[in-house]
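Here is the structure we will look at, set down as structure tokens.
There are 2 protein chains.
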Amino acid sequence: MDFINHLTSNNIKPSLQRLRIFEYLYNSAEHPTVDTIYSDLVSAIPTLSKTTVYNTLKLFIDNGITSTLTIEENEVRYDAIMEEHAHFKCDTCGHIYDVEIDISTLKFKKIKSFKVETTNIYLNGKCNKCLTN
Amino acid sequence: MDFINHLTSNNIKPSLQRLRIFEYLYNSAEHPTVDTIYSDLVSAIPTLSKTTVYNTLKLFIDNGITSTLTIEENEVRYDAIMEEHAHFKCDTCGHIYDVEIDISTLKFKKIKSFKVETTNIYLNGKCNKCLTN
DNA sequence: TATAAAATTGTAATGATTACAAATTTAGAA
DNA sequence: TTCTAAATTTGTAATCATTACAATTTTATA
Numbered sequence: 003m004d005f006i007n008h009l010t011s012n013n014i015k016p017s018l019q020r021l022r023i024f025e026y027l028y029n030s031a032e033h034p035t036v037d038t039i040y041s042d043l044v045s046a047i048p049t050l051s052k053t054t055v056y057n058t059l060k061l062f063i064d065n066g067i068t069s070t071l072t073i074e075e076n077e078v079r080y081d082a083i084m085e086e087h088a089h090f091k092c093d094t095c096g097h098i099y100d101v102e103i104d105i106s107t108l109k110f111k112k113i114k115s116f117k118v119e120t121t122n123i124y125l126n127g128k129c130n131k132c133l134t135n
Numbered sequence: 003m004d005f006i007n008h009l010t011s012n013n014i015k016p017s018l019q020r021l022r023i024f025e026y027l028y029n030s031a032e033h034p035t036v037d038t039i040y041s042d043l044v045s046a047i048p049t050l051s052k053t054t055v056y057n058t059l060k061l062f063i064d065n066g067i068t069s070t071l072t073i074e075e076n077e078v079r080y081d082a083i084m085e086e087h088a089h090f091k092c093d094t095c096g097h098i099y100d101v102e103i104d105i106s107t108l109k110f111k112k113i114k115s116f117k118v119e120t121t122n123i124y125l126n127g128k129c130n131k132c133l134t135n
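Residue numbers (this note's numbering), protein chains in the order written: chain A, 3 to 135; chain B, 3 to 135.
Rendered as structure tokens:
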């Protein structure tokens with residue numbers, strides 16, 4: 003993934019902060035919170051401000067290269083993988099896993115009165131690691 | 003629906019506050035927030051406290067007769083209908099509609115490493131009313 | 001009626017997010 | 001290069017939902 007080109011082609015000027023935040027988000031399997039993003043990047047960008055992280059994520063979302071997860075109340079998480087997938091959260095260890103899914107198989111009854119633009123599927127339960135421990 | 007019996011059989015003592023909050027939630031199509039619940043009930047129960055609304059909803063959730071929606075960041079909503087269904091939020095008018103759905107048709111790839119306990123499906127888009135206006 | 005437990009309440013604390021204005025950086029014109 | 005305006009970043013203060021917690025009230029029971 004050419005990050006500079008990805009930002010540029012989505013009308014986002016690739017500043018250092020934006021690049022690092024997007025790279026971090028894209029490479030993170032953990033769907034980090036704002037706080038995690040800030041904490042992990044502030045050593046590389048000592049002047050980084052948490053406000054910038056908020057602003058930047060909002061910019062990403064407005065330009066369609068990032069989406070939010072609200073799988074659990076009280077913690078918004080972010081995701082730079084825009085392909086269709088579901089999210090599984092293990093209620094024991096708290097990890098969030100991506101789950102491949104074929105949304106087209108979803109059978110709605112009476113869905114015709116809505117124009118569905120986005121679909122989010124959230125699963126909760128226990129992951130294999132926690133089940134076998 | 004016999005509300006007193008519903009609470010009692012779920013190990014919840016049916017105090018006035020609990021009854022009114024559950025009735026309100028069960029009859030509301032709007033999946034209200036804590037604030038809405040409080041505002042709409044405080045005239046009927048003048049001594050009602052917002053803390054009681056929080057405590058009561060937590061009790062309902064712990065006892066499995068209410069669930070939470072987090073379809074949009076920053077607003078937790080509550081639902082007393084525990085049957086399997088998806089939620090559609092119209093991004094224009096903000097209304098949340100229940101959508102009947104057959105979750106069993108969902109085809110996951112590689113889901114075997116998880117024990118899925120709950121599934122939440124959130125749809126966003128535009129409702130028919132907003133589309134035709 | 002007396003007492004203990006349960007439920008409700010109000011206030012203060014917490015913590016994430018936003019508003020906003022100041023400071024810094026960047027891009028383009030002269 | 002230098003200057004200027006626009007864009008970006010930053011820090012502080014404000015907001016708002018939620019939680020902690022202790023006090024009060026209500027309920028159940030001896």
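Beta carbons are placed, not taken as given, at the ideal position from N, Cα and C, and that holds for glycine.
Whose Cβ in chain B lies nearer than 9 Å to the Cβ of residue i?
i	result
Cys129 of chain A	Ser115, Phe116 and Lys117
Looking at chain A, is there any beta carbon in it that lies within less than 8 Å of the beta carbon of residue i?
i	result
Thr121 of chain B	yes
Tyr124 of chain B	yes
List the residues of chain B whose Cβ lies closer than 8 Å to the Cβ of residue i, in chain order.
i	result
Leu133 of chain A	Lys117
Taking the beta strand (DSSP E) that residue i falls in, what are its first and last residues?
i	result
Asn36 of chain A	Looking at the sequence itself, residue 36 of chain A is Val, so the reference to Asn does not match. Per DSSP, Val36 of chain A belongs to no beta strand (DSSP E); it is in the alpha helix (DSSP H), Val36 to Leu43.
Cys92 of chain A	His87 to Cys92
Asn29 of chain A	No beta strand (DSSP E) holds Asn29 of chain A; the alpha helix (DSSP H) holding it covers Leu18 to Asn29.
Ile103 of chain B	Ile98 to Asp104
Can you check whether the C-beta of residue i is within less than 8 Å of a C-beta belonging to chain B?
i	result
Ile103 of chain A	yes
Phe62 of chain A	no
Leu108 of chain A	yes
Phe5 of chain A	no
Phe90 of chain A	yes
Using the Cα positions of residue i and residue j, report the straight-line distance between them to the nearest angstrom.
i	j	result
Asp37 of chain B	His89 of chain B	20 Å
Asn130 of chain B	Asp93 of chain B	12 Å
Tyr99 of chain A	Ser69 of chain A	15 Å
His33 of chain B	Ser115 of chain A	19 Å
Gln19 of chain B	Tyr26 of chain B	11 Å
Met3 of chain A	Lys60 of chain B	44 Å
Glu119 of chain B	Lys91 of chain A	10 Å
Ile6 of chain B	Gly66 of chain B	16 Å
Asn12 of chain A	Thr53 of chain A	22 Å
Leu9 of chain B	Ser51 of chain A	48 Å
Lys15 of chain B	Thr58 of chain B	11 Å
Ser17 of chain A	Leu108 of chain A	40 Å
Tyr124 of chain A	Asn135 of chain B	32 Å
Taking residue i as part of the alpha helix (DSSP H), name the residues at either end of that continuous run.
i	result
Thr120 of chain B	Where Thr120 of chain B is concerned, there is no enclosing alpha helix (DSSP H), although the beta strand (DSSP E) it sits in stretches over Phe116 to Cys129.
Ile63 of chain B	Lys52 to Asp64
Ile6 of chain A	Phe5 to Thr10
DSSP has residue i in a bridge; who is on the other side?
i	result
Thr49 of chain B	Beta-bridge pairing links Thr49 of chain B to no other residue.
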